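Enquirer: One structure, as structure tokens, below. Some questions next.
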């Protein structure tokens with residue numbers, strides 16, 4: 006029998022069963038903390054579950070609010086829900102902290118989550134109804150168990166994660182590999198039990214300089230990488246890096262919710278993300294795919310934040326105004342919002358209203374473009390409720406790239422010249438903000454001024470807009486290209502360009518969305534083919550969704566390059582197998598802009614809402 010002890014010295018209303026070892030189907034035991042009401046433990050209650058690799062006993066950095074930015078402990082969060090009539094369970098993922106087994110990132114979480122839910126609903130203190138919650142990896146674990154229709158799951162709050170398709174966002178994207186997997190792995194390896202118990206390994210791993218290693222990216226191999234001192238973590242890093250082809254590995258539960266929508270748990274769900282979060286595409290795809298099934302309600306929230314920073318008003322160097330926080334807008338704070346959600350859909354309290362519209366988006370823009378007191382550019386924005394996503398009144402408008410560097414709805418001239426640039430993998434175009442997480446201090450997410458001149462970036466700008474224009478939805482770039490190498494990447498950024506002002510005499514170029522495509526995957530994710538040097542190909546590059554009001558007098562800008570590093574691995578241009586050491590080559594890449602090959606960006610333009618107002 007696991008001893009039951011008071012949770013807090015001054016709180017006898019909550020008791021804790023610590024490190025209950027829950028058996029999985031292969032005999033591995035996962036460490037599980039169970040928080041329940043004192044004196045009422047025999048009465049069945051609904052259960053709220055969070056599965057995490059970050060330590061079930063440690064605070065989650067996102068459990069904070071605008072009023073109290075200091076993160077609350079998981080014990081405090083559990084006590085809050087227990088005092089409202091729930092049992093709360095935190096579990097260490099396989100191979101992490103007190104749980105047995107080997108940690109293999111993502112791919113054991115579907116079966117482990119299913120087995121955990123089956124164990125929970127069999128306990129006398131569970132009333133058969135489970136809610137799930139959690140940010141990032143703890144969102145991935147939710148989608149993983151729901152993909153197998155885990156027993157008892159009736160309500161979910163999926164925050165900034167839950168892979169719709171990890172091959173197209175989170176691990177890889179457009180054929181390229183997200184190097185946050187390497188920076189994340191190094192950080193987590195340092196916190197692993199095996200490393201913490203070995204002072205010499207801990208000291209050596211702590212001395213690893215990832216910045217130096219990234220300069221030698223194309224030399225990495227197992228045993229010669231920044232993770233070589235943590236082989237368990239190095240193994241899954243190379244496994245995912247080298248799996249460039251979309252095959253059955255990427256179609257498994259835990260990585261590919263899209264493939265499991267027909268059997269996905271019929272639970273009331275919130276999918277929440279943000280415009281500068283790597284999982285905005287995941288949240289939007291999961292919302293659209295699961296809402297289309299009918300059944301329990303599915304909701305979508307897309308805010309103006311970086312990953313999990315829902316109580317801030319800014320992302321990077323740009324501030325979106327006091328309305329940008331979740332706190333005081335969608336609910337008093339995030340804790341209250343989740344309680345409202347679980348009261349309505351986990352407890353089935355019909356007297357409790359649904360706290361959310363089907364879709365809630367933050368439309369960025371409308372600010373004065375000056376520096377605020379904290380030195381950030383004031384971009385502004387407003388929340389808006391919608392009934393569905395993508396927005397049904399979006400009109401797809403093509404803006405064409407012209408040889409003189411302009412961007413306009415006018416189609417190109419028949420003999421318009423192509424533009425070319427050289428991309429050198431030894432000096433890749435650097436990441437400057439965007440949908441980035443887990444990369445600090447090498448890269449940071451958010452909006453930043455993109456006014457940096459490089460010879461390996463093509464810039465196309467519209468004339469100043471004569472009237473406001475809202476762009477809300479998915480962004481795609483359609484290019485006609487050639488290269489003198491057998492493989493290379495093409496990237497783009499969508500940018501809102503402010504006119505000059507006293508605070509920004511050169512104006513301010515704010516990034517909104519970006520995309521990347523490895524050319525070998527231009528026709529097929531499962532059957533890549535190399536380029537024939539000099540031959541012209543048509544490409545489509547998908548970006549992250551966004552919602553932005555381009556104000557009158559602003560310009561729309563598209564930047565084209567061939568790397569976004571270290572957000573994504575730099576292409577060596579040699580056609581070498583991905584994730585293997587090999588030679589690198591400088592590529593001369595060409596973009597065609599004539600009438601027969603009209604490179605253009607597609608923008609989802611939203612008509613003014615009733616009364617002529619946006620936002």
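In this note's numbering, the protein residues as written are 6 to 620.
All residues carry an ideal CB built from backbone N, CA and C; glycine is no exception.
Here the structure is a predicted model, which is why all the values come from computation and not from measurement.
Indicate whether the contact test is met: 3 or more Cβ pairs, each with one atom in the stretch 359-369 and one in the stretch 305-325, closer than 8 Å.
Expert: Yes, the stretch 359-369 touches the stretch 305-325.
Enquirer: Can you say whether residue 574 is buried or exposed, counting buried as having 16 or more other CB atoms within 10 angstroms of its CB?
Expert: Here residue 574 refers to the residue found at position 569 when the chain shown is read from its first residue. The residue is buried, with at least 16 neighbouring Cβ atoms inside 10 Å.
Enquirer: Roughly how many angstroms lie between the CA atoms of residue 488 and residue 430, to the nearest whole one?
Expert: Walking along the chain shown from the start, residue 488 turns up at place 483. Walking along the chain shown from the start, residue 430 turns up at place 425. Near 14 Å, if we compare the C-alpha coordinates of residue 430 and residue 488.
Enquirer: Would residue 428 pass as a contact of residue 592 if the rule is Cβ separation under 8 Å?
Expert: Residue 428 sits at position 423 when you count from the first residue of the chain shown. Residue 592 sits at position 587 when you count from the first residue of the chain shown. It is a contact, given that the beta carbons lie within the stated cut-off.
Enquirer: Leaving out five residues before and five after residue 176 in sequence, what residues of the same chain have Cβ atoms less than 7 Å from its Cβ?
Expert: The count along the chain shown starts at 1 and reaches residue 176 at position 171. If we look at residue 176 and ignore the five residues flanking it on each side, its Cβ neighbours are 183, 186 and 245.
Enquirer: Could you give the DSSP three-state label for residue 227: helix, strand or coil?
Expert: Stepping through the chain shown from its first residue, residue 227 is reached at position 222. Residue 227 falls in the coil class under three-state DSSP.
Enquirer: Report yes or no: is there a C-beta of chain D within less than 8 Å of the C-beta of residue 575?
Expert: The chain labelled as chain D is not found in the depicted structure, where only one protein chain is given.
Enquirer: Taking residue 96 as the reference, give the member of 133, 405, 70 and 138 with the closest Cα.
Expert: For the purposes of this step, residue 96 is identified with residue 91 of the chain shown, where counting begins at 1. For residue 96, the nearest C-alpha among the options comes from 138.
Enquirer: Identify, in the order they occur along the chain, each residue of the same chain with its Cβ nearer than 8 Å to the Cβ of residue 24, setting aside the five sequence neighbours on each side.
Expert: Within the chain shown, numbered from 1, the residue matching residue 24 stands at position 19. So the list reads 7, 36, 37, 38 and 103, once near-sequence residues are dropped.
Enquirer: From this set, 581, 474, 569 and 597, which residue's C-alpha is nearest residue 556's C-alpha?
Expert: Sequence index remark: in the chain shown, residue 556 carries index 551 (1-based). When each option's Cα is compared against that of residue 556, the closest is 474.
Enquirer: Starting from residue 138, trace the beta strand (DSSP E) both ways and give me its first and last residue.
Expert: If you number the chain shown from 1, residue 138 lands on position 133. 131-140 is the span of the beta strand (DSSP E), which, as asked, contains residue 138.
Enquirer: So residue 444 and residue 571 are in contact, right, with Cβ under 8 Å, and what is the actual spacing, rounded?
Expert: Counting from one through the chain shown, the residue named residue 444 turns up at place 439. Counting from one through the chain shown, the residue named residue 571 turns up at place 566. Confirmed, about 7 Å.
Enquirer: Helix, strand or coil: how does DSSP classify residue 480 here?
Expert: For this step, residue 480 is matched to residue 475 along the chain shown. The answer is coil: DSSP assigns residue 480 none of H, G, I, E or B.
Enquirer: Please classify residue 409: is it buried, with 16 or more other beta-carbons within 10 angstroms of its beta-carbon, or exposed?
Expert: Position 404 of the chain shown, counted from the first residue, corresponds to residue 409. It is exposed - the Cβ of residue 409 has fewer than 16 other Cβ atoms within 10 Å.
Enquirer: Considering only residues of the same chain and omitting the five flanking positions on each side of residue 110, which have a CB-CB separation below 6 Å?
Expert: Here residue 110 corresponds to residue number 105 of the chain shown, with the count starting at 1. Within the same chain, residue 110 has close Cβ partners 241.
Enquirer: Nearest-angstrom Cα distance between residue 2 and residue 578?
Expert: The displayed coordinates of the chain run from 6 to 620. Any statement about residue 2 would go beyond what the structure contains.
Enquirer: I'd like the list of long-range same chain contacts for residue 50, defined as Cβ closer than 8 Å, with 5 residues on each side in sequence excluded.
Expert: In the chain shown, the residue the question calls residue 50 occupies position 45. The answer, listed in chain order, is 41, 42, 90, 91, 92, 130, 131 and 132.
Enquirer: Indicate whether the contact test is met: 3 or more Cβ pairs, each with one atom in the stretch 538-548 and one in the stretch 388-401, closer than 8 Å.
Expert: Taking 8 Å as the limit for Cβ pairs, the verdict is that the stretch 388-401 does not touch the stretch 538-548.
Enquirer: Inspect the CB distances between the stretch 295-305 and the stretch 336-344 and report whether three or more fall short of 8 Å.
Expert: No, the stretch 295-305 does not touch the stretch 336-344.
Enquirer: Pull up the DSSP beta-bridge partners for residue 96, would you.
Expert: Position 91 of the chain shown, counting from 1, holds the residue named residue 96. In the DSSP output, where bridge partners are listed per residue, residue 96 has 37 and 56.
Enquirer: My parser needs the alpha helix (DSSP H) runs of 4 or more residues fully inside the stretch 151-205; what are they?
Expert: Entirely contained in the stretch 151-205, the alpha helix (DSSP H) runs reaching 4 residues are, in chain order, 185-196 and 198-201.
Enquirer: Would the stretch 464-471 and the stretch 548-567 be scored as touching if the rule is three or more Cβ pairs under 8 Å?
Expert: These segments touch.
Enquirer: Nearest-angstrom Cα distance between residue 371 and residue 554?
Expert: The residue labelled residue 371 in the question sits at position 366 within the chain shown. The residue labelled residue 554 in the question sits at position 549 within the chain shown. Looking at the two C-alpha atoms, the distance is approximately 7 Å.
Enquirer: Spatial neighbours of residue 496 within its chain, please: C-beta separation below 6 Å, excluding the five flanking residues on both sides.
Expert: Here residue 496 refers to the residue found at position 491 when the chain shown is read from its first residue. So the list reads 521, 566 and 569, once near-sequence residues are dropped.
Enquirer: Can you tell me whether DSSP reads residue 441 as helix, strand or coil?
Expert: Start at 1 with the first residue of the chain shown, and residue 441 comes out as number 436. Residue 441: coil per DSSP, three-state reduction.
Enquirer: Could you tell me the distance, in whole angstroms, from the CA atom of residue 161 to the CA atom of residue 65?
Expert: Residue 161 sits at position 156 when you count from the first residue of the chain shown. Residue 65 sits at position 60 when you count from the first residue of the chain shown. Spanning the two alpha carbons is a distance of roughly 18 Å.
Enquirer: Using the C-alpha atoms, what's the distance from residue 580 back to residue 461?
Expert: Against the chain shown, residue 461 aligns to sequence position 456. Against the chain shown, residue 580 aligns to sequence position 575. About 20 Å.
Enquirer: Output needed for residue 33: all residues of its chain with C-beta closer than 7 Å, excluding positions within five of it in sequence on either side, in chain order.
Expert: Against the chain shown, residue 33 aligns to sequence position 28. Excluding sequence neighbours, residue 33 sits near 99, 105 and 106.
Enquirer: Where do the ends of the alpha helix (DSSP H) carrying residue 291 lie?
Expert: Within the chain shown, numbered from 1, the residue matching residue 291 stands at position 286. Unbroken alpha helix (DSSP H) run through residue 291: 285-296.
Enquirer: Following the continuous alpha helix (DSSP H) through residue 122, name the residue where it begins and the one where it ends.
Expert: Sequence index remark: in the chain shown, residue 122 carries index 117 (1-based). Unbroken alpha helix (DSSP H) run through residue 122: 114-126.
Enquirer: Would a C-beta distance cut-off of 8 Å place residue 238 and residue 190 closer than the cut-off?
Expert: For this step, residue 238 is matched to residue 233 along the chain shown. For this step, residue 190 is matched to residue 185 along the chain shown. Yes, these two residues count as a Cβ contact at 8 Å.
Enquirer: In terms of residue numbering, what span does the beta strand (DSSP E) encompassing residue 544 cover?
Expert: Here residue 544 is taken as the residue at index 539 of the chain shown, counted from 1. Looking at the DSSP string, the run of the beta strand (DSSP E) that includes residue 544 is 542-547.
Enquirer: Quick one: Cα of residue 71 to Cα of residue 332, how far?
Expert: The count along the chain shown starts at 1 and reaches residue 71 at position 66. The count along the chain shown starts at 1 and reaches residue 332 at position 327. Each residue's alpha carbon lies about 6 Å from the other.
Enquirer: Cβ of residue 291 versus every heavy atom of the ligand ATP: is any distance shorter than 7 Å?
Expert: Looking for the ligand ATP in the displayed structure turns up nothing, as the structure carries no ligands at all.
Enquirer: Alpha carbon to alpha carbon, what distance is there between residue 419 and residue 494?
Expert: As a working mapping, residue 494 is identified with position 489 in the chain shown. As a working mapping, residue 419 is identified with position 414 in the chain shown. Roughly 27 Å separates the two Cα atoms.
Enquirer: At what residue ranges does the stretch 403-461 contain a whole run of the beta strand (DSSP E), taking only runs of 3 or more?
Expert: Runs of the beta strand (DSSP E) inside the stretch 403-461: 424-428.
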